[in-house]
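Step one of this worksheet: look at the structure below.
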Amino acid sequence: MARPTRKTTRGTAPPAEPTPRLGVVMRFAPQAAGSGIRQMESGGLRVASSSDFRSAPAVPNDFDGADAQYFERFGIAIVRREGERLKTLLEHAMEQNVVTGMRPERMYRVLGGPSAAAEAAAGDLLAGAATILDRDYLRGYRDGVVHLIDRLLAGESADGTPAAARFDESSVTWGLEAVLAPLSPLTGAGIRVAVLDTGFDHTHPDFRGRPITKKLFASRSSPDDVHGHGTHCVGTACGPLRPAGVPRYGIAHESHIFAGKVLGDDGFGTDRSVIAGMDWAVEQGCQVISLSLGAATSLGDQPNDDYEQIGQACLDAGTIVIAASGNESERPRVIAPVGSPANASTVMAVGAVDRRFRPAWFSCGGMNPGQEVDLAAPGVDILSSLPGGRHARFQGTSMAAPHVSGVAALIAQSDPKYRGWSLWARLLQLVRPLRAAARDVGKGLLQAPRP
Amino acid sequence: MANGPPRTVDVTIRIEKAQAGRLEEVVLALEASGLTNLDVHGRFLMVSGTVIPERLEALRRVDGVASVREDRTYKVQPPRR
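Residue numbers (our numbering), protein chains in the order written: chain A, 1 to 451; chain B, 1001 to 1081.
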């Protein structure tokens, strides 16, 4: 472990220090930090530990003269001394998997400052009395804009991908590829995904051998998926890894499917059946509820207090509720507000994008305050299962929501701490920003966790 | 002259969270005020039921009730080809 450094008393506040020379930040493999520190010390480096300064009035920026500072809680060390010896030491440590990553130390600066108006009022910023920081910022901004325009003119979309269709669906649907599902070793095993919809054809060959639980809630309906929509949504969220004869179309391929039929054979249902289905899903221990259903709202509508309360109770119980944002738009002429129950703040609202990551023409937007789209997922030309062993391509925010539900199941499998509120947070942390407006795509495009 | 069966509406009733400890009482009071065909979802503090429209106000006046809303219809978001 690190040797304690000499104690110094620095009075009430440290004197202003010159900016330290920046070094290298190293990340240790879990459990390997101890041997990593020992290697550095036997290599002649003096290592200070963050615990050495716990009771000091101030933590010195220069590590009180040590060559390296070790932060035990984070498993990282910042090494300030250079030299060939250090380089060999670090290479050795990486070969042994003691150190898993290295990067140069960064200088951070404040992001606040005089308002833009005040700066603009200062006249010709580049040639005038602006500080070095202002000039650098403006040059960087200009370069970024120029680069973006160059790429757009060259036919790329703003997120760096070529504008032409770039998904070939030879082995996996474009929707799965776009959300990085094929890269993930996660399967949804052990996770219970409730799809509350028109039911599910559990006899479909693609789902042979899967754990499936079904329950009927809609009135005046058969227990089967007559409509077909439910089987399509279950397919996207939970479809198999290697379906025969079609590309892979499902994300959480080892999850336990809970198909609640809350919509009738005609595709319609009411609050009674939807709420009963949600209560059942929570009672059954489902970590994810997928709702590819909605009722239209109008501009000026208030948020949905009932589903605010229900959504919160679900999150508190460790169940995330994911809903389609609605298909009432006719873009570009009309952007309709997010429908119910997606418009509740405790229900995750999913917008639909096409292969170029543009908002689908039908996708609702955050037109009423507090009733936002949270994120976007593929919802155009989506291949999935249909009753009777068939497959078909559908479009709708109905197709986008189960992409999110499938990825939520992967995240939930990766760590038992990802439940309810924390699962919500983790989904949004992984999202990839898009050029489209947040009103339409929320924080951005759904992404599965990378291995 | 025989009338047909009275018109009824399906309603979704939200119970105030502060009343969670009194759920049983609130449900009894709703039934006494004319609510039938109840589904009680204690986890959500929500009650689904059926009532004749003339009794809607009586339901709203039950102590512990936050709101009484006629059921909305939901549909698939739909498979447009």
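All residues carry an ideal CB built from backbone N, CA and C; glycine is no exception.
- For the region 1028-1060 of chain B, the set of positions with a beta-carbon nearer than 7 Å to some beta-carbon of chain A reads Asp-1039, His-1041, Arg-1043, Phe-1044, Leu-1045, Met-1046 and Ser-1048 in chain order.
- A:Ile-257 and A:Gln-287 have their C-alpha atoms spaced approximately 11 Å apart.
- Neighbours of B:Gln-1077 across chain A, judged by C-beta separation under 7 Å: Ser-292, Leu-293, Gly-294, Ala-324, Gly-326, Asn-327, Gly-396, Thr-397 and Ser-398.
- Contact of A:Phe-268 with chain B by beta-carbon distance below 9 Å involves Thr-1073, Tyr-1074, Lys-1075 and Val-1076.
- The C-alpha of A:Gln-413 is placed about 7 Å away from the C-alpha of A:Leu-186.
- A direct Cα-to-Cα measurement between B:Val-1009 and A:Gly-239 gives close to 39 Å.
- Neighbours of B:Asp-1010 across chain A, judged by C-beta separation under 8 Å: Thr-270, Asp-271 and Arg-272.
- With contact defined as three or more Cβ pairs closer than 8 Å, the region 198-212 of chain A and the region 385-400 of chain A are in contact.
- For the region 217-245 of chain A, residues whose beta-carbon sits nearer than 8 Å to a beta-carbon of chain B comprise His-227, Gly-228, His-229 and His-232.
- When DSSP states are grouped into helix, strand and coil, A:Phe-362 belongs to the coil group.
- For A:Asp-265 and A:Val-226, the gap between their C-alpha atoms comes out near 5 Å.
- Using a Cβ-Cβ cut-off of 7 Å, B:Arg-1022 is close to nothing in chain A; its nearest Cβ partner there is about 16 Å away.
- The beta-carbon of A:Ile-320 is placed no less than 7 Å from the nearest beta-carbon of chain B.
- The beta carbons of A:Ala-33 and A:Ala-48 sit about 14 Å from each other, so the pair does not count as a contact at 8 Å.
- Residues Leu-1023, Val-1026, Leu-1045, Met-1046, Val-1047, Gly-1064, Val-1065 and Ala-1066 of the same chain have their beta carbon placed closer than 8 Å to that of B:Ile-1015, with the five preceding and five following residues left out of the count.
- What B:Arg-1014 touches in chain A, judged by beta-carbon distance under 7 Å, is Asp-305, Asp-306 and Gln-309, going in chain order.
- DSSP lists A:Tyr-70 as the bridge partner or partners of A:Ser-49.
- Between B:Val-1062 and B:Asn-1003, the alpha-carbon positions lie close to 30 Å from each other.
- Note that the C-beta distance between A:Ala-237 and A:Ser-405 is below 7 Å.
- Annotation for A:Asn-304: Ser-340, Pro-341, Asn-343 and Ala-344 place their beta carbon closer than 7 Å to its own, counting only its chain and skipping 5 residues before and after.
- With respect to the 7 Å criterion, A:Phe-394 and A:His-253 are not classified as neighbours on the basis of their beta carbons.
- B:His-1041 is bridged by DSSP to B:Met-1046.
- In the structure shown, the three-state DSSP call for A:Thr-236 is helix.
- Shown here for A:Arg-46: same chain residues with a beta carbon closer than 6 Å to its own, the five before and five after excluded, namely Ala-66 and Asp-67 in chain order.
- A Cβ of chain B is located within less than 7 Å of the beta carbon of A:Ala-313.
- Listed as beta-bridge partners of A:Pro-378 by DSSP are A:Val-353.
- For A:Phe-28, the pairing in a beta bridge is given by DSSP as A:Val-99.
- Of all residues in the region 251-264 of chain A, those with a C-beta nearer than 7 Å to a C-beta of chain B are Leu-263, reading in chain order.
- Assigned with DSSP and collapsed to three states, A:Met-367 falls in coil, not helix or strand.
- Looking at A:Ser-398, A:Ile-320, A:Ser-273 and A:Tyr-307, the one whose alpha-carbon comes closest to that of A:Asn-327 is A:Ser-398.
- Around A:Gly-235, the same chain offers Tyr-249, Gly-250, Ser-384 and Ser-385 as residues with beta carbons nearer than 7 Å, after the five sequence neighbours per side are excluded.
- Looking at the DSSP output, A:Met-348 bridges to A:Ile-322.
- With respect to chain B, the C-beta atom of A:Ala-276 has a partner C-beta closer than 7 Å.
- In this structure, A:Leu-446 lies away from A:Ala-392, with their beta-carbon atoms at least 7 Å apart.
- Taking one beta carbon from each stretch, the region 356-366 of chain A and the region 427-446 of chain A have 3 or more pairs nearer than 8 Å; the two touch.
- Among the bridge pairs identified by DSSP, A:Thr-297 is matched with none.
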